[in-house]
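Asker:
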Amino acid sequence: MDFLKLLDRFTERRTRSVASNTGRRGFLVGVSKLLVAGAFALPVLPFDRTNNAHAAGGHGSAPKKREPTETDCDYWRYCSVDGFLCSCCGGTMTTCPPGSTPSAVSWVGTCRNPADGRDYLVSYNDCCGKTSCGRCFCNTNTRERPGYRMGVHNDINWCMANQSSHYHCTVSVIVGLEEGQS
51 MDFLKLLDRF TERRTRSVAS NTGRRGFLVG VSKLLVAGAF ALPVLPFDRT
101 NNAHAAGGHG SAPKKREPTE TDCDYWRYCS VDGFLCSCCG GTMTTCPPGS
151 TPSAVSWVGT CRNPADGRDY LVSYNDCCGK TSCGRCFCNT NTRERPGYRM
201 GVHNDINWCM ANQSSHYHCT VSVIVGLEEG QS
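So the sequence shown is numbered by our numbering: it starts at 51 and just counts up by one.
1. I'd like to know whether the C-beta atoms of C161 and C136 end up nearer to each other than 8 Å.
2. Below 8 Å, how does it come out for the segment 203–222 and the segment 162–171: are there three or more Cβ pairs, yes or no?
3. Where does the unbroken alpha helix (DSSP H) through L227 begin, and where does it stop?
4. Using a Cβ-Cβ cutoff of less than 7 Å, which residues in the same chain neighbour S46 once the five nearest sequence positions on both sides are dropped?
5. With N71 as the anchor, note down where its alpha helix (DSSP H) starts and where it stops.
6. Using only the alpha-carbon positions, how far apart do Y128 and A87 sit?
7. Taking the DSSP output, what are the residues bridged to V155?
8. Taking just the CA atoms, how far does G149 sit from L227?
9. Assuming V225 contacts S173 (C-beta within less than 8 Å), just tell me the rounded distance between them.
10. Can you tell me the Cα-Cα spacing of L85 and F77, whole angstroms?
11. Going by the CB atoms, is the gap between R185 and C123 shorter than 8 Å?
12. Taking C-beta to C-beta, are V158 and L171 nearer than 8 Å?
13. What residue from L57, S67, T121 has the CA that sits closest to F187's CA?
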């Protein structure tokens with residue numbers, strides 16, 4: 051018991067001595083010196099770049115170009131989509147997944163199909179009734195208009211007109227050719 055009191059007094063005296071002889075600025079200067087010294091050591095640390103080489107197409111070869119699929123944001127129909135693609139969430143490009151229903155209102159976009167060079171009017175419908183899918187998020191805003199033009203603005207919860215306003219994913223349905231094209 052006597053030893054614990056002695057240890058306690060010794061620790062208290064040492065702590066008070068350090069506190070009275072050392073300031074906060076001195077502590078910050080010491081920590082800063084350690085950080086600067088550590089920053090110079092970082093560039094010499096080894097790291098692996100093999101994943102970057104594989105992603106770029108391998109050892110010196112040009113990357114192979116592939117056509118975007120219906121689960122890629124670069125697919126031509128998704129030129130004005132803002133949300134999770136239903137094709138990644140249990141539905142298809144044009145149908146909502148089971149357990150969700152299409153929104154009663156939607157926004158539209160005009161997207162160019164590179165295969166035929168024509169512009170198509172695409173209706174984007176949110177699928178409602180389930181929680182957000184969380185996969186294949188796309189936010190392409192080609193030709194998006196400000197929020198005061200509701201029919202061409204994609205940053206709105208379009209499920210607001212449905213019985214359940216929970217957003218799940220978005221489908222893109224071609225509704226026709228742009229005017230003037232046949």
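Yeah, the Cβ is synthetic: ideal placement off N, Cα and C, and Gly gets one too.
Answerer: Put simply:
1. Translated into the one-based positions of the sequence shown, residue 161 becomes position 111. Translated into the one-based positions of the sequence shown, residue 136 becomes position 86. No, Cβ-Cβ distance for C161 and C136 is not below 8 Å.
2. no
3. One-based indexing of the sequence shown puts residue 227 at position 177. First-last for L227: 217–227, but that is the beta strand (DSSP E), not the alpha helix (DSSP H).
4. There is no way to answer for residue 46, as the model of the chain reaches only from 51 to 232.
5. By one-based count along the sequence shown, residue 71 stands at place 21. Counting along the chain, the alpha helix (DSSP H) containing N71 begins and ends at 52–71.
6. Locating residue 128 in the sequence shown gives position 78, where the first residue counts as 1. Locating residue 87 in the sequence shown gives position 37, where the first residue counts as 1. Cα to Cα, Y128 sits roughly 49 Å from A87.
7. The sequence position of residue 155 within the sequence shown is 105, counting from 1. In the DSSP output, where bridge partners are listed per residue, V155 has none listed.
8. Looking up residue 227 in the sequence shown gives position 177. Looking up residue 149 in the sequence shown gives position 99. Rounded to whole angstroms, L227 to G149 spans 31 Å at the Cα level.
9. Here residue 225 is taken as the residue at index 175 of the sequence shown, counted from 1. Here residue 173 is taken as the residue at index 123 of the sequence shown, counted from 1. Between S173 and V225 the Cβ distance is about 5 Å, and since that is below 8 Å, they are a contact.
10. Residue numbering aside, residue 85 sits at position 35 when the sequence shown is read from its first letter. Residue numbering aside, residue 77 sits at position 27 when the sequence shown is read from its first letter. The straight-line gap from Cα to Cα measures roughly 13 Å.
11. Walking along the sequence shown from the start, residue 123 turns up at place 73. Walking along the sequence shown from the start, residue 185 turns up at place 135. No; because the gap between Cβ atoms is not below 8 Å, this pair is not in contact.
12. The residue given as residue 158 occupies position 108 in the sequence shown. The residue given as residue 171 occupies position 121 in the sequence shown. Yes, they are a contact pair.
13. Position 137 of the sequence shown holds residue 187. With distances taken between Cα atoms, F187 lies closest to T121.
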